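A.B. asks: FYI, the working numbering numbers position 150 of the sequence shown as 176, with every residue one higher than the one before it. Even for Gly, the Cβ is constructed at its ideal location relative to N, Cα and C. Bear in mind the structure is a predicted one, so any value in this text is a computation, not a measurement.
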Amino acid sequence: MADYKEEDDLLHRPDPKRDYQIDRGGTFLTRRGVANLGCLLVLVAGILGLFVLFPALTFFSRVPLSALGLGSPAAAAQASSQVRGTAFGRAKVDIATPLDVHSRASFHDPTQQLQLVWSDEFEVEGRSFYPGDDPFWEAVDLNYWQTGDLEWYDPAAITTANGSLEITLSIQQRENNHDLIYRSGMLSTWNKMCFSGGLVETKVSLPGFNDIVGLWPAVWTMGNLGRAGYGGSLEGMWPYSYDSCDVGTMPNQTFNGQPAAALEVGDPANGNVLSFLQGQKLSRCTCDGEKHPGPKHDDGTYVGRSAPEIDIIEATMGGAPLHGQVSQSLQAAPFNFNYTINGDNGAVTIANESISEINSYRGGAFQQAVSALSDTDQTAYELDGGGFSVYGYEYKGGFDDAYITWISNNQVSWTLLSEAIGADEEVGISARSIPQEPMYVIANLGLSPNFGTPDFTHLKFPAKMRIDYVRVYQHPDQINIGCSPKDFPTEDYINEFIGAYTNENLTTWRDDFGQPFPKNSFAGECSV
Numbered sequence: 027m028a029d030y031k032e033e034d035d036l037l038h039r040p041d042p043k044r045d046y047q048i049d050r051g052g053t054f055l056t057r058r059g060v061a062n063l064g065c066l067l068v069l070v071a072g073i074l075g076l077f078v079l080f081p082a083l084t085f086f087s088r089v090p091l092s093a094l095g096l097g098s099p100a101a102a103a104q105a106s107s108q109v110r111g112t113a114f115g116r117a118k119v120d121i122a123t124p125l126d127v128h129s130r131a132s133f134h135d136p137t138q139q140l141q142l143v144w145s146d147e148f149e150v151e152g153r154s155f156y157p158g159d160d161p162f163w164e165a166v167d168l169n170y171w172q173t174g175d176l177e178w179y180d181p182a183a184i185t186t187a188n189g190s191l192e193i194t195l196s197i198q199q200r201e202n203n204h205d206l207i208y209r210s211g212m213l214s215t216w217n218k219m220c221f222s223g224g225l226v227e228t229k230v231s232l233p234g235f236n237d238i239v240g241l242w243p244a245v246w247t248m249g250n251l252g253r254a255g256y257g258g259s260l261e262g263m264w265p266y267s268y269d270s271c272d273v274g275t276m277p278n279q280t281f282n283g284q285p286a287a288a289l290e291v292g293d294p295a296n297g298n299v300l301s302f303l304q305g306q307k308l309s310r311c312t313c314d315g316e317k318h319p320g321p322k323h324d325d326g327t328y329v330g331r332s333a334p335e336i337d338i339i340e341a342t343m344g345g346a347p348l349h350g351q352v353s354q355s356l357q358a359a360p361f362n363f364n365y366t367i368n369g370d371n372g373a374v375t376i377a378n379e380s381i382s383e384i385n386s387y388r389g390g391a392f393q394q395a396v397s398a399l400s401d402t403d404q405t406a407y408e409l410d411g412g413g414f415s416v417y418g419y420e421y422k423g424g425f426d427d428a429y430i431t432w433i434s435n436n437q438v439s440w441t442l443l444s445e446a447i448g449a450d451e452e453v454g455i456s457a458r459s460i461p462q463e464p465m466y467v468i469a470n471l472g473l474s475p476n477f478g479t480p481d482f483t484h485l486k487f488p489a490k491m492r493i494d495y496v497r498v499y500q501h502p503d504q505i506n507i508g509c510s511p512k513d514f515p516t517e518d519y520i521n522e523f524i525g526a527y528t529n530e531n532l533t534t535w536r537d538d539f540g541q542p543f544p545k546n547s548f549a550g551e552c553s554v
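1) For the beta strand (DSSP E) containing residue 420, name the first residue and the last one.
2) Below 8 Å, can you find three or more Cβ-Cβ pairs linking the segment 473–486 to the segment 276–294?
3) Among 412, 61 and 332, whose alpha-carbon lies nearest the alpha-carbon of residue 458?
4) For residue 266, which residues in the same chain have their Cβ closer than 6 Å to its Cβ, ignoring the five residues on either side in sequence?
5) With distances taken Cα to Cα, identify the nearest neighbour of residue 124 among 519, 504 and 497.
6) The beta strand (DSSP E) that contains residue 470, what's its start and end?
7) Quick one: which unbroken beta strand (DSSP E) runs of 3-plus residues sit fully inside the segment 180–234? Chain order, please.
8) State the beta-bridge partners of residue 146 as determined by DSSP.
9) Are the beta-carbon atoms of residue 289 and residue 233 separated by less than 9 Å?
10) Expressed to the nearest angstrom, what Euclidean distance is found between the alpha-carbon atoms of residue 243 and residue 72?
11) Using only alpha-carbon positions, find the residue among 228, 64, 479 and 181 that is nearest to residue 212.
12) Could you check how far apart the C-beta atoms of residue 252 and residue 259 are, in whole angstroms? I think they sit under 8 Å.
13) For my contact list, residue 129 and residue 138 are in at a C-beta cut-off of 8 Å; report their separation, rounded to the angstrom.
14) Quick check: the segment 203–221 against the segment 409–416, are at least 3 beta-carbon pairs closer than 8 Å?
15) Please list, in chain order, all residues of the same chain as residue 322 whose beta carbon is under 6 Å from its beta carbon, the five residues on each side excluded.
16) Hey, out of 543, 546 and 228, whose CA is closest to residue 435's CA?
17) Under three-state DSSP, which class holds residue 462?
18) Start and end of the beta strand (DSSP E) containing residue 431?
19) Hey, how far is the Cα of residue 104 from the Cα of residue 153?
20) Applying the criterion that 16 or more other CB atoms from any shown protein chain within 10 Å of the CB defines a buried residue, is residue 531 buried or exposed?
21) Looking at residue 334 and residue 348, is the spacing between their C-beta atoms short of 9 Å?
22) Would residue 171 be called buried (16 or more neighbouring beta carbons within 10 Å of its own) or exposed?
23) For residue 330, which residues from the same chain have a beta carbon less than 6 Å from its beta carbon, with the 5 sequence-adjacent residues on both sides left out?
24) In or out: residue 380 buried (at least 16 other Cβ within 10 Å) or exposed?
25) Check whether the segment 396–404 touches the segment 454–471, counting contact only when three or more Cβ pairs, one atom from each stretch, lie closer than 8 Å.
26) So residue 149 packs on residue 122, CB below 8 Å; how close in whole Å?
27) By the three-class DSSP mapping on this structure, what secondary structure does residue 527 have?
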């Protein structure tokens with residue numbers, strides 16, 4: 027109504043003096059004011075963390091999304107329930123690993139305590155290991171032609187069940203299995219999880235029976251500059267562990283027909299020639315300006331780089347009566363005269379000669395095997411007891427005070443000191459090193475006549491190899507987890523030549539991949 031006068035309350039009654047006092051003399055230090063300010067600060071901190079701090083940490087940690095469990099929904103699900111760890115890029119310890127094994131005594135020196143730096147307990151059911159599905163492991167999809175295998179490795183043959191990793195070797199229809207009868211699996215942590223020094227330990231139930239020949243289960247490690255199954259990445263790399271510039275880097279370990287011993291006392295199956303290797307591709311002899319991952323020594327020469335191999339186990343059969351054994355080896359190059367190391371003065375030690383012995387097989391023209399055989403726990407087989415046994419090796423890389431100590435049935439089986447693979451004047455080579463490259467883990471179940479004639483009459487299919495866990499320990503003052511450490515970088519080199527590491531059809535570096543070997547100063551190939 028036009029003539030109605032509304033009664034003003036305190037909020038709507040104008041009072042210039044009061045308004046001036048409130049506007050100039052008020053305070054935000056009330057409960058409501060503090061709450062409002064706190065909410066604003068939390069909002070600003072969240073925005074900065076999401077758009078500034080998180081991208082910076084992700085970039086500087088140099089960890090791929092797959093390693094953070096973000097490569098795919100499956101990977102994210104597996105990672106979220108599988109691992110815990112410290113900041114980005116640090117070693118991850120499986121949340122299922124019991125706290126009482128987060129440290130343990132060294133096998134090589136029991137007075138020293140080792141710290142758990144990475145583990146996988148395989149407790150999550152139904153994990154997938156197709157590319158991109160797991161933060162640490164990836165299964166291959168190929169035939170392992172290098173050892174004449176009869177099976178096709180397929181990611182579908184690997185999963186997790188009942189708290190273990192399972193690799194199944196089965197019979198398939200040829201038309202559905204790349205024209206092969208057998209299908210199995212091989213997976214690795216290549217370029218995802220590597221370690222330098224320390225102890226790698228695994229608990230395994232071997233497939234089949236403990237006295238039937240034919241299956242070839244293995245858990246082993248290789249330097250990250252070579253990818254198992256990808257021949258293009260391995261030519262001139264495997265199984266070298268060498269940092270000298272001499273005839274040991276040359277094809278066949280000879281130069282201008284010398285030394286004569288390398289042509290006369292070698293592999294009987296190959297005309298007594300010592301070596302058929304193509305020469306060390308990334309040797310200390312590499313000329314300046316050639317492609318090499320580095321680093322360099324103080325004298326300006328490159329550090330010799332390679333893809334060495336240390337086998338945790340390759341399971342076999344032996345003895346009388348026939349029973350289960352494991353071969354535990356360093357695959358070495360260049361080779362000793364007649365493939366014979368220097369085991370004098372305690373350089374080779376067998377812990378228990380009643381169950382372990384030096385392997386009579388010492389290698390051939392493509393590898394020198396520094397190896398011992400040990401009887402296994404005969405109840406730790408799929409069809410004989412169904413139990414598990416602990417295997418592993420502990421090592422220190424390099425030359426001085428370097429060693430490898432292997433473990434079988436949770437006990438030391440044998441030890442190799444660096445002195446055993448020292449210089450060999452008869453074939454003109456210098457000392458090889460206990461591997462210093464960042465090493466990754468491989469597990470596979472193969473079938474090949476090259477590892478003993480299979481007894482197809484008594485073998486049972488499907489056969490399952492089970493792994494309860496894989497754990498890596500290191501000395502607290504020597505933690506070195508990562509596939510591209512500063513002293514032995516691999517990332518830039520692999521990225522530049524990624525085709526050799528991802529295309530299994532490139533079986534050689536030079537012919538298939540079309541890349542040259544770097545020029546070699548020992549051969550006089552460097553420009554003046």
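C.D. replies: Walking through what the data contain:
1) Counting along the chain, the beta strand (DSSP E) containing residue 420 begins and ends at 415–422.
2) no
3) 332
4) 306, 332 and 359
5) 497
6) Segment 465–473, the beta strand (DSSP E) holding residue 470.
7) As summarised for the segment 180–234, the continuous beta strand (DSSP E) elements at least 3 residues long and confined to that stretch are 184–187, 190–197, 208–210, 212–214 and 224–231, given in chain order.
8) 496
9) no
10) If I take the Cα positions, the gap works out to 50 Å.
11) If you compare the alpha carbons of 228, 64, 479 and 181 with that of residue 212, the shortest gap goes to 181.
12) 5 Å
13) Contact annotation, residue 129 with residue 138: C-beta distance approximately 11 Å; criterion of less than 8 Å not satisfied.
14) no
15) Counting only Cβ-Cβ distances below 6 Å, and skipping sequence neighbours, we find 328.
16) Minimum Cα-Cα distance from residue 435 among the listed residues 543, 546 and 228 corresponds to 228.
17) Here residue 462 carries a coil assignment [DSSP, helix/strand/coil].
18) 429–434
19) Because the pLDDT of residue 104 is 47, which lies under 50, any placement of that residue in the model is unreliable, and the question is left without a value.
20) exposed
21) Not in contact: residue 348 and residue 334 (Cβ atoms no closer than 9 Å).
22) exposed
23) 268, 269, 309 and 310
24) Exposed: under 16 other Cβ atoms inside 10 Å.
25) no
26) 4 Å
27) Secondary structure at residue 527: helix, using DSSP grouped into helix, strand and coil.
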